[in-house]
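Taking it in order: structure first as C-alpha cells, then the write-up.
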Amino acid sequence: MKNNQSSKNGFISGIGFILAAAGSAVGLGNLWAFPYKTSANGGAAFVLVYIICVALVGSIAMISEIYLGKRAQANPVTAYKKIKRPLGFIGIVVILIPTLITCYYCVLGGWTLRYAVNSFQSIPSANNAVTFAPFVSNVFEPLFYTVIFLILAALIIMGGIKDGIEKSSKILMPALFIILIFIVIYCLCLGDGVKGGLEFYLKPDFSALGFSGIIAAMGQAFFSLSLGMGAMIAYGSYTGENIKVGKSAVMICIFDTLVAFLAGLAIFPAISALSPENLGANAQGPGLIYQILPKVFDKMGGIGQVLSFAFFSMVIIAALTSVISILEVSVQFISQKFKTNRKKTTLIMAIVCGLCSIPITWSVGGAYGGKIVVFGFDLLTFLDEIANTVLMPVGAFFACFSIGWLIDKKPTVNPMKTLNALKNDGLDLGAFSKIFVIMVKFVTPLLILLVEIMGVIGKLQSYGNIYWSIIITSLLLIAICVIVFFAFFYKKDCGTNADEIN
Ligand code: PFF
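Quick note on our numbering: the sequence shown kicks off at 1337 and runs consecutively.
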C-alpha cells in the first residue's frame, strides 16, 4: 500500500488528524444530546454502558473506517470499490447520509450562532431570555444565521485539508476544550445547589436504563463518533504512513467521551443551582440547551452574558467542526470523480444544502402559520431518523464487515488468517491486533445489527405506524443509491485523492 498522496493534500501531522477527527466527533451530540440522554436513562449507569459501547463497538468501527480510507487514499466510493467492486454502492449511501445530515445540522448551527450573538444584548434581563419559539418560528432570522454558519464551514473546506481543516482544528479544538474546562469549574462552584444537579445527572439507576437505554447508548456512541457516515473514511484517506490508525482512534474516542461527560458536569449543576424548577423532564429533552440554559444564564446577571457567550461559542465550534467533516464527504467525492475544483464544488454543495435547509427551518419553526409535515414528522426529525436510526448502522456495519471479512481474498472464519491478511495489507495494531480481529469479525457487526433492529423496533413502538414512512423512505434511498451506482459508477473510475485539483 502506498500512501504517498497524503503529503500533497493531506494531514501533515498526527495531532492535526486527531484534532480534525475529534472535531468531527465532538458536536451537538456531545454538548446537547449526551447530557440529556444520560439524565433520562439512569445517570452513571448510562455513562458506564456508553463507555463500554465506545470501547467495544465505537472504537472498532472507527478503526475500520479510518483504515478503509487510509488504504484507498480516496473517497468512500473508491474505498469500497477497492474492497469489492459491487460494494461501491455503500460508498454512495455513506455520502448521501452526511449530505442529508448537513441540511439540518446547519440549521441547529444557525440557532447556536443566534444564541451566541444574543448573549450581549444590552439589557441584562433580556439577555437570552428571548424565548425559543418566537425565534424559530420567524421566517427569515433562523435562515440568516444558518447561511452565515454554512458560509463559515464552506470557507474552511475551501482551504483544503491541510490549510483549511487541519489548521482550523488545531486552533478550534483546544479553544473548545479550554472554554469547556472553565465553564465546568465555574458551574461546579455555584454553591450548594450544585449537588442536586450532579445527582440528577449521574445518580446510577439501572432500572431506568433498561434494554432501551443500552440501545440508546449504542446509537448515541455511533452518532457522537461520526461513524457510518463516510466522515472518518474521508478524513482517514488523507492520512499517510506517519499516522497510526489504532492510537489515533483511541485518542479520538477518549476525547469525544470526555467532552460529552464534562458538558453534563457543567449543565446540570448550573440548572440545579440557579433554576432548580427546570430540572425536570424538560431538562431531559432537546429543550435543554436552547430553552433551559438561556434562563439559567439570565439568572447569573452580568457574568451570565459572558458565560452564555462562552458556552454558545463552544457549541458553535463543536457544530462547525462537525459540519465541516460531513460536508467534506460529498465535496471530496464530487471533486475526485468529476475532477472539479475544490472551491467551486464546496460552493455548490453549500448552496444545495443551504437551499434544502430552508424547508427544514420552516418545518421546525412552523413559520408561515403551520408546520411542514412529512408523513406526520417535521422535516428535521424525518431526516434525522432516516440518517441516524436506519441508515447509519448500515454504513457502520459494512465498514466492519469489509475489514473483518473481505480484506483477505479467500474468505475465512479463522481470525488468525484474517489477522495475517490485515497485517499484510498494512493494518497492524500491535498487542491489540488479536482482540481487534475477533471484535471486527464477530462481535461488532452483530452488535451493530442489534442496534439497527432494536432501534427500529423501538421507534415503531414509540411513534406507531407512521414510522413505516421512515423505514420505506430509507429503503427507497438505498435502492436509488444501488441503481445510481450500477448505472453510473460501477464500471467507471471514481477518482482518488491524487485526482484533486485545488
Ligand atoms: N459527531 C457529531 C456530533 O456528535 O454532534 C455529529 C456528526 C458529525 C454526525 C459527522 C455525523 C457525522 F458524519
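All residues carry an ideal CB built from backbone N, CA and C; glycine is no exception. Note that the coordinates shown come from a computational prediction; the quantities given were computed from them, not determined experimentally.
key: Close Cβ partners of N1366 (< 7 Å) along its chain, the five nearest in sequence each way excluded   = Numbered from 1 along the sequence shown, position 30 holds the residue referred to as residue 1366. So the list reads S1560, D1592, V1595, A1596, A1599 and A1654, once near-sequence residues are dropped.
query = Can you give the beta carbon distance from K1673 to C1830, rounded, assuming they're within the 8 Å contact cut?
reply = Within the sequence shown, residue 1673 is the residue found at index 337, counting from 1. Within the sequence shown, residue 1830 is the residue found at index 494, counting from 1. With a Cβ gap of about 5 Å, K1673 and C1830 count as contacting.
Alpha-carbon to alpha-carbon, T1414 and K1498 = Numbered from 1 along the sequence shown, position 162 holds the residue referred to as residue 1498. Numbered from 1 along the sequence shown, position 78 holds the residue referred to as residue 1414. Distance from the CA of K1498 to the CA of T1414, rounded to the nearest whole angstrom, comes to 22 Å.
inquiry  = With the cut-off set at 8 Å, would you say G1352 and S1562 are in Cβ contact?
reply    = Taking the first residue of the sequence shown as 1, we reach residue 1352 at position 16. Taking the first residue of the sequence shown as 1, we reach residue 1562 at position 226. No, the Cβ-Cβ distance between G1352 and S1562 is not below 8 Å.
query = In or out: S1543 buried (at least 16 other Cβ within 10 Å) or exposed?
reply = Here residue 1543 corresponds to residue number 207 of the sequence shown, with the count starting at 1. Residue burial annotation: S1543 is exposed, with fewer than 16 other C-beta atoms found within 10 angstroms of its C-beta.
key: Residues of its chain near N1411, where Cβ-Cβ distance is below 6 Å and the 5 sequence neighbours each way are ignored   = Here the question's residue 1411 lines up with position 75 in the sequence shown. Once the five neighbours on either side are set aside, the close Cβ partners of N1411 are Q1668, F1669 and Q1672.
query = Any heavy atom of ligand 1 closer than 7 Å to the Cβ of N1411?
reply = As a position in the sequence shown, residue 1411 is number 75, starting the count at 1. N1411: no, Cβ never under 7 Å from ligand 1.
request  = Rank C1525, T1374 and L1663 by C-alpha distance to the C-alpha of A1490 and give the top, closest one.
outcome  = Within the sequence shown, residue 1490 is the residue found at index 154, counting from 1. Nearest option by C-alpha distance: L1663.
ask   = Which residues bound the alpha helix (DSSP H) around A1752?
value = The residue you call residue 1752 lines up with position 416 of the sequence shown. Note on identity: in this sequence residue 1752 is Met, with Ala being the wrong assignment. Note, M1752: alpha helix (DSSP H), P1751 to D1761.
task = Give me the Cα-Cα distance between K1827 and G1794, rounded to the nearest whole angstrom.
result = In the sequence shown, counting from the first residue as 1, residue 1827 sits at position 491. In the sequence shown, counting from the first residue as 1, residue 1794 sits at position 458. Straight-line Cα distance between these residues: approximately 40 Å.
ask   = Under three-state DSSP, which class holds N1677?
value = As a working note, residue 1677 is residue 341 in the sequence shown. Strand, per DSSP.
request  = Compare the C-alpha of L1444 against each of W1698, I1814, F1772 and P1605 and name the closest.
outcome  = In the sequence shown, counting from the first residue as 1, residue 1444 sits at position 108. Looking at the Cα atoms, W1698 is the closest of the given residues.
Same chain, Cβ closer than 7 Å to I1396, neighbours up to 5 away in sequence not counted = Here the question's residue 1396 lines up with position 60 in the sequence shown. Cβ neighbours of I1396 beyond the five flanking positions: C1736, F1772, M1775, V1776 and T1780.
query = Quick one: is I1724 buried, meaning 16 or more other Cβ sit within 10 Å of its Cβ, or exposed?
reply = As a first step, residue 1724 must be located in the sequence shown, where it is residue number 388. The residue asked about is misnamed: residue 1724 is Asn in this sequence, not Ile. Result: buried.
message = Give the list of continuous alpha helix (DSSP H) stretches no shorter than 4 residues that lie fully inside the segment 1778-1836.
response = Segments of the alpha helix (DSSP H) lying fully in the segment 1778-1836: 1780-1799 and 1803-1820.
ask   = How is D1714 classed by DSSP in three states: helix, strand or coil?
value = Here the question's residue 1714 lines up with position 378 in the sequence shown. Strand at D1714.
task = Flag this pair as yes or no: are the beta carbons of I1739 and L1404 separated by less than 8 Å?
result = For the purposes of this step, residue 1739 is taken as the residue at position 403 of the sequence shown. For the purposes of this step, residue 1404 is taken as the residue at position 68 of the sequence shown. A contact, by the Cβ cut-off of 8 Å.
message = I need the boundaries of the alpha helix (DSSP H) containing R1421, first residue and last residue.
response = Against the sequence shown, residue 1421 aligns to sequence position 85. Per DSSP, R1421 belongs to no alpha helix (DSSP H) and is neither H nor E.
request  = Please state whether DSSP places V1709 in a helix, a strand or coil.
outcome  = Your numbering for residue 1709 matches position 373 in the sequence shown. Judged by DSSP in its simplified three-state form, V1709 adopts strand.
inquiry  = Measuring only the C-alpha atoms, how far is Y1481 from F1471?
reply    = For the purposes of this step, residue 1481 is taken as the residue at position 145 of the sequence shown. For the purposes of this step, residue 1471 is taken as the residue at position 135 of the sequence shown. It is roughly 11 Å from the alpha-carbon of Y1481 to the alpha-carbon of F1471.
query = Quick one: does D1829 have its CB under 8 Å from some CB of chain D?
reply = Absence of chain D from the displayed structure is noted, only one protein chain being present.
ask   = Do the segment 1682-1694 and the segment 1434-1444 touch if we need at least three Cβ pairs shorter than 8 Å?
value = Output reads yes: the segment 1434-1444 touches the segment 1682-1694.
message = Which of the three DSSP states is assigned to T1748 in this structure?
response = Indexing the sequence shown from 1 puts residue 1748 at position 412. Assigned with DSSP and collapsed to three states, T1748 falls in coil, not helix or strand.
task = Could you check what DSSP says for D1528 in three-state terms: helix, strand or coil?
result = For this step, residue 1528 is matched to residue 192 along the sequence shown. Looking at D1528 - three-state DSSP - the assignment turns out to be coil, as it is neither helix nor strand.
inquiry  = For F1718 and I1806, I'd like the C-alpha separation in whole angstroms.
reply    = For the purposes of this step, residue 1718 is taken as residue 382 along the sequence shown, with counting starting at 1. For the purposes of this step, residue 1806 is taken as residue 470 along the sequence shown, with counting starting at 1. Answer to the nearest angstrom: the Cα atoms are 7 Å apart.
key: Buried/exposed call for K1406, threshold 16 Cβ in 10 Å   = Position 70 of the sequence shown, counted from the start, is the residue given in the question as residue 1406. Looking at its Cβ environment, which holds 16 or more other Cβ atoms inside 10 Å, K1406 is buried.
task = List the whole-angstrom C-beta distance separating Y1571 from A1356, where the pair is believed to meet the contact cut-off of C-beta under 8 Å.
result = In the sequence shown, counting from the first residue as 1, residue 1571 sits at position 235. In the sequence shown, counting from the first residue as 1, residue 1356 sits at position 20. Confirmed, about 6 Å.
ask   = With DSSP run on the structure shown, which of helix, strand or coil describes N1463?
value = Working through the sequence shown from its first residue, we reach residue 1463 at position 127. For N1463, the predicted structure reports a pLDDT of 43, less than 50, and the residue's modelled location is therefore unreliable. A value from the coordinates is still provided. The DSSP-derived three-state label of N1463 is coil.
message = Rounded to the nearest angstrom, what separates G1359 and A1686 at their Cα positions?
response = Within the sequence shown, the letter at position 23 stands for residue 1359. Within the sequence shown, the letter at position 350 stands for residue 1686. Between G1359 and A1686, the alpha-carbon positions lie close to 19 Å from each other.
ask   = How is S1473 classed by DSSP in three states: helix, strand or coil?
value = Here residue 1473 is taken as the residue at index 137 of the sequence shown, counted from 1. In this structure, S1473 counts as coil in the three-state DSSP scheme.
ask   = Taking just the CA atoms, how far does P1612 sit from L1526?
value = Mapped onto the sequence shown, residue 1526 falls at position 190. Mapped onto the sequence shown, residue 1612 falls at position 276. If you draw a straight line from the Cα of L1526 to the Cα of P1612, it comes to about 13 Å.
ask   = Taking C-alpha atoms, which residue in N1578, A1553, L1716 and V1818 lies nearest to G1379?
value = Here residue 1379 corresponds to residue number 43 of the sequence shown, with the count starting at 1. For G1379, the nearest C-alpha among the options comes from A1553.
query = When the Cα atoms are used, what is the spatial distance from L1615 to F1822?
reply = Counted from its first residue, the sequence shown places residue 1615 at position 279. Counted from its first residue, the sequence shown places residue 1822 at position 486. If you take the alpha carbons of L1615 and F1822, they lie about 52 Å apart.
Buried or exposed by the 16-neighbour rule on C-beta atoms within 10 Å, applied to I1819 = Along the sequence shown, read from residue 1 onward, the residue named residue 1819 stands at position 483. Within a 10 Å sphere around the beta-carbon of I1819 sit fewer than 16 other beta-carbons, which makes this residue exposed.
ask   = Which residues in the same chain have their Cβ closer than 8 Å to the Cβ of E1788, if we skip the five residues on either side of it in sequence?
value = Here residue 1788 corresponds to residue number 452 of the sequence shown, with the count starting at 1. Answer for E1788: V1726, P1729, V1730 and F1733, listed in chain order.
ask   = Do you know offhand how far W1804's Cα is from G1701's?
value = The count along the sequence shown starts at 1 and reaches residue 1804 at position 468. The count along the sequence shown starts at 1 and reaches residue 1701 at position 365. Each residue's Cα considered, the two are about 24 Å apart.
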